[in-house]
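Read through the structure below, which is laid out as structure tokens, and then see the notes.
In the UniProt record's numbering, the protein residues as written are 1 to 319.
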């Protein structure tokens with residue numbers, strides 16, 4: 001969500017609870033800086049590994065640095081705000097965390113270069129993430145006791161990791177590609193931690209080449225994708241998930257205000273055309289969730305609210 005301070009965060013929580021009564025979530029406001037972005041937010045959960053900010057970004061350290069402690073404090077304040085405004089809530093509630101491969105591609109080792117370059121460091125980071133996620137799920141459940149938690153594991157960098165497109169620190173080379181058998185275990189640890197904690201893991205990736213079968217095979221209950229970039233070759237995977245009643249979060253609402261006004265009818269027709277291509281009708285796709293294409297942090301506040309409202313209207317029309 002857009003915003004740069006605590007007041008913006010309180011407003012974001014209110015907007016989410018007002019516009020998404022059936023599936024609210026803990027908002028993220030990366031505009032507040034690296035302590036609140038996807039990587040910093042997730043490192044705040046990893047209790048067994050230290051980290052700190054360097055000029056090149058987040059780096060693992062022997063002990064938690066001031067920046068990691070600040071990220072943890074900010075997360076705790078945000079959860080306080082969510083807890084206060086969601087008193088008495090019952091139903092599905094979503095939280096988000098960066099996946100192990102996106103972390104490995106964005107966090108540096110103590111001696112430099114990405115964690116991605118070191119097999120042992122990758123394993124250690126993924127295991128620490130899984131353990132920290134267990135504690136985080138328990139904390140959110142304590143704060144919102146009526147919540148049935150849906151945990152979105154964000155893996156925007158996974159396709160680039162698997163294709164060998166992540167640059168080294170020098171920028172002159174690329175890290176070696178990671179094939180599916182080697183990519184799966186880290187995902188399995190994280191998804192299992194969510195499931196064993198009583199949550200439902202859903203993998204989110206808004207890249208065109210999202211490896212749906214890898215993610216679901218590793219334990220994700222479902223996937224979250226951006227229809228604008230998803231190739232038709234992935235449609236069969238979506239159809240299988242919907243037929244099985246597994247979550248499919250379909251990004252069909254723009255993340256920033258379009259040049260021309262967008263109606264809920266237009267978006268609804270688009271979803272219906274897709275379901276028709278898949279050989280499904282809305283009644284047989286009850287596990288479909290309508291979402292923005294990706295995060296709304298780059299939108300203005302007016303469009304962020306409008307986008308969430310559109311999602312709710314389209315879901316209502318489909319139902």
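The beta-carbon is built from N, C-alpha and C at its ideal position, and this holds for glycine as well.
Since we're looking at a predicted model, the values are computed, not measured.
- Residue 197 is a Cβ neighbour of residue 134, given a cutoff of 8 Å.
- Between residue 169 and residue 13, the alpha-carbon positions lie close to 37 Å from each other.
- Boundaries of the alpha helix (DSSP H) around residue 313: 301 to 318.
- Per the DSSP secondary-structure output, residue 53 pairs in a beta bridge with 58.
- Burial state of residue 191 is buried, judged by a 10 Å Cβ sphere holding 16 or more other Cβ atoms.
- Shown here, residue 178 sits in coil according to DSSP, grouped into three states, outside any helix or strand.
- Inclusion of residue 287 and residue 246 in the CB contact set at 8 Å is warranted, their separation being smaller than that value.
- The residue among 224, 180, 239 with its C-alpha nearest the C-alpha of residue 217 is 180.
- Residue 129 is not a Cβ neighbour of residue 122, given a cutoff of 8 Å.
- Residue range 264 to 277 is occupied by the alpha helix (DSSP H) that includes residue 265.
- In this structure, the alpha-carbon of residue 4 lies about 27 Å from that of residue 49.
- Sixteen is the threshold: when 16 or more other Cβ atoms of the shown chains lie within 10 Å of the Cβ of residue 251, as they do, the residue is buried.
- Contact between residue 157 and residue 144 is ruled out by a C-beta separation of about 29 Å, above the 8 Å threshold.
- Check the Cα spacing between residue 298 and each of 267, 199, 75, 256: the tightest is with 256.
- Counting only runs of 3 or more residues that sit fully inside the stretch 68 to 103, the beta strand (DSSP E) segments are 91 to 98, in chain order.
- Along the stretch 188 to 216, the beta strand (DSSP E) occurs as fully enclosed runs of 3 or more residues at 200 to 204, listed in sequence order.
- The residue among 207, 254, 176, 295 with its C-alpha nearest the C-alpha of residue 231 is 207.
- The closest CA to that of residue 125, considering only 43, 284, 139, 81, is found on 43.
- In this structure, the beta-carbon distance from residue 305 to residue 82 does not fall below 8 Å.
- In this structure residue 154 is in contact with residue 204, their Cβ atoms being roughly 5 Å apart against a cut-off of 8 Å.
- The DSSP-derived three-state label of residue 40 is helix.
- Taking residue 228 as the centre and dropping the five residues before and after it, the same chain places the C-beta of 293 closer than 6 Å to its C-beta, in chain order.
- For residue 32, the CB contacts under 6 Å within the same chain, skipping 5 residues up- and downstream, are 4 in chain order.
- Between residue 60 and residue 34, the gap from beta carbon to beta carbon reaches 8 Å or more.
- In this structure, residue 221 sits near residue 201, with a CB-CB distance shorter than 8 Å.
- Where residue 154 is concerned, the enclosing beta strand (DSSP E) starts and stops at 147 to 154.
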